[in-house]
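See structure below.
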Amino acid sequence: MKSNEVKLIREDGRRLDGRAFDELRPLKIEVGVLEKCDGSAYVELGKTKVYAAVFGPREVHPKHLALADRAILNCRYHMASFSVDERKPLGMTRREIELSKVIREALESVVFLEEFPRTCIDVYIEVIQADGGTRTAGITAGSLALAEAGIPMIDLVAGVAVGKINGHLVLDISDIEDKYGEADMPVAMAPRLNSIVLLQLNGRLTGEEFKNALELAKKGIMEIYQQQREALRRKYSGISAEEV
Amino acid sequence: MSTAIQPKKNITARIVQDKIYSLLQQSKRLDGRGLYDMRSITITTNLIEKADGSALVTLGGTKILAGIKTEIGAPYLDRPDEGSFTINAELLPLASISFEPGPPDERGVELARVVDRSIRESKVLDLKKLCLIEGEKAYILFIDIYVLDYDGNYYDPSLIAALAAIATARIPEYKVVDGKIQKTGAYFTPKLQSLPFTVTFGLIKDKLIVDPHLEEESVLDVSIIIGVDEKDNIVSIQKNSPGLIPEHLLTKMIEIAIEKAREIRKIFCEKLNISLD
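Line order of the protein sequences matches chains B and C. Residue numbers 1 to 244, in the working numbering, belong to the letters of the first sequence in order. Residue numbers 1001 to 1277, in the working numbering, belong to the letters of the second sequence in order.
Listed below in structure tokens is the structure:
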């Protein structure tokens, strides 16, 4: 249960890790980090560390699942057993099943699936350390992995979680801020289209707070989006950011 | 692994979408409702004698049954002074041609987690009151939701059914005697501290609708669920389909969700003859 009892804001008005309310944790993005897949990316946001890999478009197994007019997008969001404080049991938890669905739907929103009928595209997201914002980091990595695999998309997708701690809206919440804060709102957007592709809320916000939280998320998403483009440019050096 | 289960728009779906959209442009819907009208709600409670609480809720043609069974067990280690509840949901194969037998698939899991989130975040239950002996014994409420007939939007009626089952529950009461628990023979009904309701939205091109029925649902471009409590706080949100939501539409959705949740709350309180005080 969320409560106000734990102090998440220091005397100097900063957050426990020293950040300002609207500050992202140090962000590191790399494209093309795994060998055997068709596309991959690694995203580090503070202590949150996530790999994503894409296979496909490839043949669908079993074949009867194939769709005549478009590709199927599959997605598995999975956490390593040691990625969290208490060891996560092996296999897929209900949380992971739900997040796999919403992440898939977020990515599906931007991929031109109709370009590859009768095939499937598999996106695997592995959280190797979780410190809040894993699903949104997963989406950020997943969309880059899709890009590296050469899958046509209308836009990249970038995500971040905003939250409310001790009555204040904050950008990019960490695990402890999620656990003891009042609200956790993961948001992912296709920034170029100014459209939301993932939105969830756990916690209590007034209508006004929701609006401000969304603005805050957008600010973070634009910063992440910029770094996504730079990471792609680094991978394919020689191509300018405007063309990516 | 999460794989798309919902059938995607084929040619027939596109024809249906065009038909529905042309109606929406005249502010009409296939079943005669206005764009932001919910279907009618019925609530029947305590229809399962063996359950500690139960409710059958219909929203138009969608039928949901929720039931509660209580057990005594140990509290969670990190909350030694609280009882607990778990919510499970199953999309029964008798409810729809698109539901299959077997353990809950991702749609069932998502439904359960959205209902759970709404109830947990708005603190419907005073979990401290459900503790009997700190760190040892507490009431555990198993709230199970079954979709019996599926005509679109199983989210909103599922939460209504879960709340109605809680609000009218008769849970066997225990007391602590010499550090041990024993049944008193009486029953108690948990007091509701909050009444959140979710409102499901669908977007067809640029037209926003509330509570899509099955045929509309099959051609939605995107869908999202917003939960609101009695103080007009937003307590849960779940975008539950692929698709793009233009940012400017969200504010409008929040406004409508607040208004619709109030409507549902009024119906709920009248039908169950309860009030939040």
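Ideal placement from N, C-alpha and C gives every residue a C-beta, glycine not left out. Small disclaimer: the values here were computed from a predicted structure and weren't measured.
Check: Would you mind stating whether residue 1152 (chain C) and residue 1062 (chain C) have Cβ atoms separated by less than 8 Å?; Outcome: yes
Check: Does DSSP put residue 1016 (chain C) in a helix, in a strand, or in coil?; Outcome: helix
Check: Counting only Cβ pairs nearer than 7 Å, list the residues of chain B close to residue 1235 (chain C).; Outcome: 204
Check: Would you verify that the beta carbon of residue 1153 (chain C) is, or is not, closer than 8 Å to some beta carbon of chain B?; Outcome: no
Check: Taking DSSP as the reference, what is the three-state secondary structure of residue 1114 (chain C)?; Outcome: helix
Check: Using the beta-carbon count (16 or more within 10 Å), is residue 1026 (chain C) buried or exposed?; Outcome: exposed
Check: Could you tell me whether the segment 194-212 of chain B touches the segment 102-109 of chain B, where touching means 3 or more Cβ pairs closer than 8 Å?; Outcome: yes
Check: Within its chain, find whatever has a CB closer than 7 Å to the CB of residue 48 (chain B); leave out the 5 residues flanking it on each side and keep chain order.; Outcome: 129, 130, 131, 132, 133, 134, 137
Check: Determine contact between the segment 1224-1234 of chain C and the segment 1126-1142 of chain C, defined as no fewer than three beta-carbon pairs at a distance below 8 Å.; Outcome: no
Check: Identify the contact partners of residue 211 (chain B) in chain C, using a Cβ-Cβ distance below 9 Å as the criterion.; Outcome: 1250, 1251, 1254
Check: With 8 Å set as the bound, which would you pick, yes or no: does the beta-carbon of residue 942 (chain C) sit closer than that to a beta-carbon of chain B?; Outcome: An answer regarding residue 942 (chain C) cannot be provided, because it is not within the stretch 1001 to 1277 covered by chain C.
Check: Using the DSSP secondary-structure output, state which residues sit across from residue 1172 (chain C) in a beta bridge.; Outcome: C:1187
Check: Any beta carbon of chain C sitting closer than 8 Å to that of residue 127 (chain B)?; Outcome: no
Check: For residue 191 (chain B), name the three-state secondary structure that DSSP assigns.; Outcome: helix
Check: Measuring only between beta-carbons, confirm whether residue 4 (chain B) sits less than 8 Å from chain C.; Outcome: Because the pLDDT of residue 4 (chain B) is 49, which lies under 50, any placement of that residue in the model is unreliable, and the question is left without a value.
Check: Can the beta-carbon of residue 27 (chain B) be found less than 8 Å from the beta-carbon of residue 53 (chain B)?; Outcome: no
Check: At the level of alpha carbons, what is the spacing between residue 1154 (chain C) and residue 1239 (chain C)?; Outcome: 14 Å
Check: For chain C, check one thing: does any of its Cβ atoms lie closer than 8 Å to the Cβ of residue 207 (chain B)?; Outcome: yes
Check: With the cut-off set at 8 Å, would you say residue 207 (chain B) and residue 122 (chain B) are in Cβ contact?; Outcome: no
Check: Shortest alpha-carbon distance to residue 42 (chain B) belongs to which of B:7, B:18, B:125?; Outcome: B:125
Check: On the three-state DSSP scale, how would you describe residue 175 (chain B)?; Outcome: helix
Check: According to DSSP, simplified to helix, strand and coil, what is residue 56 (chain B)?; Outcome: strand
Check: Would you check if the segment 1153-1171 of chain C and the segment 1044-1051 of chain C touch, i.e. whether three or more CB-CB distances between them fall below 8 Å?; Outcome: yes
Check: So residue 246 (chain B) packs on residue 232 (chain B), CB below 8 Å; how close in whole Å?; Outcome: Given a span of 1 to 244 for chain B in the structure shown, any question on residue 246 (chain B) remains unanswerable.
Check: In terms of alpha-carbon separation, which member of B:212, B:224, B:236 lies closest to residue 1247 (chain C)?; Outcome: B:212
Check: Which first and last residues belong to the alpha helix (DSSP H) in which residue 235 (chain B) is found?; Outcome: 207-235
Check: Let me confirm a value: residue 210 (chain B) is counted as buried when at least 16 other C-beta atoms fall within 10 Å, else exposed. Which label applies?; Outcome: buried
Check: What are the residues of the segment 1106-1118 of chain C that lie near chain B, defined by any Cβ-Cβ distance shorter than 9 Å?; Outcome: 1106, 1107, 1109, 1110, 1112, 1113, 1114, 1117
Check: Less than 8 Å between CB atoms is the rule here; does residue 1101 (chain C) satisfy it with respect to chain B?; Outcome: no
Check: Could you pull the DSSP bridge partners for residue 160 (chain B) from this structure?; Outcome: B:187
Check: Is the distance from the Cβ of residue 1181 (chain C) to the Cβ of residue 1070 (chain C) below 8 Å?; Outcome: no
Check: Go ahead and label residue 1058 (chain C) buried or exposed: buried means 16 or more other beta carbons lie within 10 angstroms of its beta carbon, across all protein chains shown.; Outcome: buried
Check: Would you grab the beta carbon distance between residue 1225 (chain C) and residue 1251 (chain C) for me? Rounded to a whole angstrom, and I think it's under 8 Å.; Outcome: Incorrect: roughly 17 Å between the Cβ atoms, too far for contact.
Check: Please classify residue 1246 (chain C): does DSSP put it in a helix, a strand, or coil?; Outcome: strand
Check: Do the segment 216-228 of chain B and the segment 178-193 of chain B touch if we need at least three Cβ pairs shorter than 8 Å?; Outcome: yes
Check: Please state whether DSSP places residue 92 (chain B) in a helix, a strand or coil.; Outcome: coil
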